[in-house]
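Since the structure comes first, as structure tokens, the remarks are kept for the end.
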């Protein structure tokens, strides 16, 4: 039996100060996330940050919280369920899919255990980050390795590193934008915003900026947009260090002041909508743009559980299963490779 573990970043259990504090403590304690010596970072984290930031973040989470829970968890679970149903139907129950979060719940250990309990001896780890960064993808690998280190019998393990330029990913992004424009018209400018990263991380070797730029290049080519119709930015800065730019918030205000009346924002690096897209961009970004003189700011939703994205995600991961299970290559629904090609073409 083959298991697929989808892993997203994580979310608090509730839009409440205590829950947010627990989540932030785990998240910001990861040395992959904050690359500052512990002796310097620990007093800052457990002092001003965890004393003041949780209440502010809890209010932000409350603005976007859904009846079913955190948007990131809701949409990620829908992705997992849809992908699981697709693969169960195509491969006669030989593939199982579980969801886990790097921080918070459902925990990585629980996701791995669920797959093992279903008889999965081979597991494909799929961090839901299209562009690679040590703070996200590598951190996920670290955590899984730490869990397996304590087990007597471990599964065969593979991991998808990134899919920033995969044709199926680019096609799904373009399809999302096109369908939005068909319903709402086209803007004066498309702003393509990725999560930020300290410049120091890129200087140390992260390919993140290069991969973001490549994703943007492929997306605008797929959409047929001229250079003057779009701009790429980075969002979600934290702390005083210099982060990748240009910054999303500042760019939105600059566009408004330059007379651009309508901007549509799209965030290709987020596989599922979350606080950073729904509150930071769709709410705060819009407020800043309108306050600076803009007329309209639209947020184009993330891929979430769009059926076209679920098919694309399957085509991205299935080649990584080749050689693991004969059923995936000779089942009545066709070879995994054939499915991957057809999904990309569709």
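In the working numbering, the protein residues as written are 144 to 489.
Each residue gets a CB set at the ideal place from its N, CA and C atoms; glycine is no exception.
Computed from a predicted model, the values in this text were never measured in an experiment.
Annotation for residue 169: the continuous alpha helix (DSSP H) segment containing it runs 160-171. If you ignore the 5 residues before and after residue 216, its C-beta comes within less than 7 Å of the C-beta of 154, all in its own chain and listed in chain order.
For residue 231, there is no enclosing beta strand (DSSP E); the enclosing alpha helix (DSSP H) has its first and last residue at 214-234. Between the alpha carbons of residue 394 and residue 221 lies a gap of roughly 33 Å.
Assignment of residue 269 by DSSP, reduced to helix, strand and coil, places it in the strand class. For residue 378, the uninterrupted beta strand (DSSP E) segment begins and ends at 373-378. For residue 411, the CB contacts under 6 Å within the same chain, skipping 5 residues up- and downstream, are 316 and 358 in chain order. With a cut-off of 8 Å on Cβ pairs, the segment 303-313 is not in contact with the segment 372-389, counting fewer than three such pairs. Taking the C-beta atoms as reference points, residue 406 is found no nearer than 8 Å to residue 381. Sequence-distant partners of residue 299 (beyond 5 residues in either direction) whose C-beta falls short of 6 Å from its own C-beta, in its chain, are 265. Residue 431 carries a helical assignment under DSSP once its states are collapsed to helix, strand and coil.
If you keep only unbroken beta strand (DSSP E) runs of at least 3 residues inside the segment 232-262, you get 238-247.
Around the Cβ of residue 189, a 10 Å sphere holds fewer than 16 other Cβ atoms; the residue is exposed. By the Cβ criterion, the segment 229-247 is in contact with the segment 161-179, since at least three pairs of Cβ atoms, one from each stretch, lie closer than 8 Å. Taking C-beta atoms under 8 Å as the contact rule, residue 399 and residue 218 fail to qualify, at a distance of about 29 Å. When the alpha-carbon of residue 293 is set against those of 353, 256 and 314, the nearest one is in 256. By the Cβ neighbour-count rule, residue 440 is buried, with 16 or more other Cβ atoms within 10 Å of its own. Within the segment 275-347, the complete beta strand (DSSP E) segments at least 3 residues long are 299-302 and 332-338, listed from N- to C-terminus. With fewer than 16 other Cβ atoms from the protein chains shown falling within 10 Å of its own Cβ, residue 434 counts as exposed. Looking at the DSSP output, residue 406 bridges to 332 and 440. Between the C-alpha atoms of residue 446 and residue 214 there is a straight-line separation of about 13 Å.
Between residue 276 and residue 171, the C-beta gap is not smaller than 8 Å, which leaves the two residues out of contact. Within the same chain, and ignoring the five residues on either side of residue 309 in sequence, the residues whose Cβ sits closer than 7 Å to its Cβ are 459. Put simply, the backbone Cα of residue 353 is about 34 Å away from that of residue 209. For the set 150, 211, 235 and 428, the Cα lying nearest the Cα of residue 285 is the one of 150.
Under a 10 Å Cβ-count criterion, residue 313 is classified as buried, with 16 or more other Cβ atoms of the shown protein chains found around its own Cβ. In the three-state reduction of the DSSP assignment, residue 387 falls in the coil class.
Judged by beta-carbon spacing, residue 457 lies within the 8 Å limit of residue 226, meaning their Cβ atoms are closer than that value. Distance from residue 148 to residue 269 at the Cβ level is roughly 7 Å; contact confirmed, criterion being Cβ atoms closer than 8 Å.
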